[in-house]
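Peer 1: Going by this note's numbering, the sequence shown opens with residue 1, and the numbers climb by one from there.
All residues carry an ideal CB built from backbone N, CA and C; glycine is no exception.
Quick caveat: nothing in here was measured; it's all calculated off a predicted structure.
Pasting a structure here, questions to come.
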Amino acid sequence: MTIYQGNDSKKISGGVRRPSRKKRKYELGGYSTQTKIGSRDSRVVERVRGGNRIVRARVVTHANVYDPESKTYRKVKILRVVENKANREYVRLGIVTKGAIVETELGLAQITSRPSRDGVVNAVLVRTGEQT
1 MTIYQGNDSK KISGGVRRPS RKKRKYELGG YSTQTKIGSR DSRVVERVRG
51 GNRIVRARVV THANVYDPES KTYRKVKILR VVENKANREY VRLGIVTKGA
101 IVETELGLAQ ITSRPSRDGV VNAVLVRTGE QT
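The following block contains the structure:
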């Protein structure tokens with residue numbers, strides 16, 4: 001079953017709204033890519049809006065972590081998900097989304113990229129009590 005992102009055929013009152021046209025390809029949605037921690041795996045979605053391509057990271061191992069004090073980037077291994085404000089079940093399942101706090105080899109880091117859209121995991125090193 002596909003996900004349809006067009007208008008609903010029901011009115012707020014409960015009546016039926018008659019369609020003026022059929023469904024369109026650009027109204028087609030998709031299931032969310034729930035990026036997990038494990039051996040690296042990514043998929044290329046061939047065509048999205050504008051004829052572009054996107055890379056969906058399905059499983060990730062490393063993150064590009066930015067250290068604000070030394071102003072440097074390092075590629076470090078992700079150990080586990082500590083906190084995820086999008087959904088607290090994601091912590092138990094080990095799903096990485098934007099804004100999630102992960103434990104890395106350098107310490108706690110907050111994800112700043114969208115792994116399911118960008119195909120990479122970028123993060124900023126945070127000190128305890130400094131999470132936003």
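Taking the straight line between their C-alpha atoms, what separation do you get for TYR73 and ILE111?
Peer 2: The residue given as residue 73 occupies position 73 in the sequence shown. The residue given as residue 111 occupies position 111 in the sequence shown. Each residue's alpha carbon lies about 13 Å from the other.
Peer 1: Taking all protein chains shown into account, do 16 or more other C-beta atoms lie within 10 angstroms of the C-beta of LEU93, making it buried, or fewer, making it exposed?
Peer 2: Position 93 of the sequence shown holds residue 93. Counting Cβ neighbours within 10 Å, LEU93 comes out exposed, since fewer than 16 surround it.
Peer 1: My assumption, with CB atoms under 8 Å, is that GLU103 sits in contact with ARG80. Please give the rounded CB distance.
Peer 2: As a position in the sequence shown, residue 103 is number 103, starting the count at 1. As a position in the sequence shown, residue 80 is number 80, starting the count at 1. Their Cβ separation, rounded to whole angstroms, is 5 Å, which keeps GLU103 and ARG80 in contact under 8 Å.
Peer 1: Jot down the residue ranges of each uninterrupted alpha helix (DSSP H) in the region 24 to 95, minimum 4 residues, whole runs only, in chain order.
Peer 2: The qualifying runs are 89 to 93.
Peer 1: Buried or exposed, going by whether 16 or more other CB atoms sit within 10 Å of the CB of ARG114?
Peer 2: The residue given as residue 114 occupies position 114 in the sequence shown. That one is buried.
Peer 1: Nearest CA to the CA of LYS137: which residue from LYS98, ALA100, SER20, SER39?
Peer 2: In the structure displayed, the chain extends from 1 to 132; residue 137 sits before or after that span and is not available.
Peer 1: Would you check if there are 3 or more beta carbon pairs closer than 8 Å linking the region 1 to 11 to the region 19 to 29?
Peer 2: Yes, the region 1 to 11 touches the region 19 to 29.
Peer 1: If you compare alpha carbons, which of THR2, GLN5, ALA123 is closest to VAL65?
Peer 2: Numbered from 1 along the sequence shown, position 65 holds the residue referred to as residue 65. Per the Cα distances, ALA123.
Peer 1: From ALA86, LYS75, LEU28, pick the residue whose C-alpha is nearest to that of GLN139; which is it?
Peer 2: Because the chain is modelled from 1 through 132, residue 139 falls outside the range shown and cannot be assessed.
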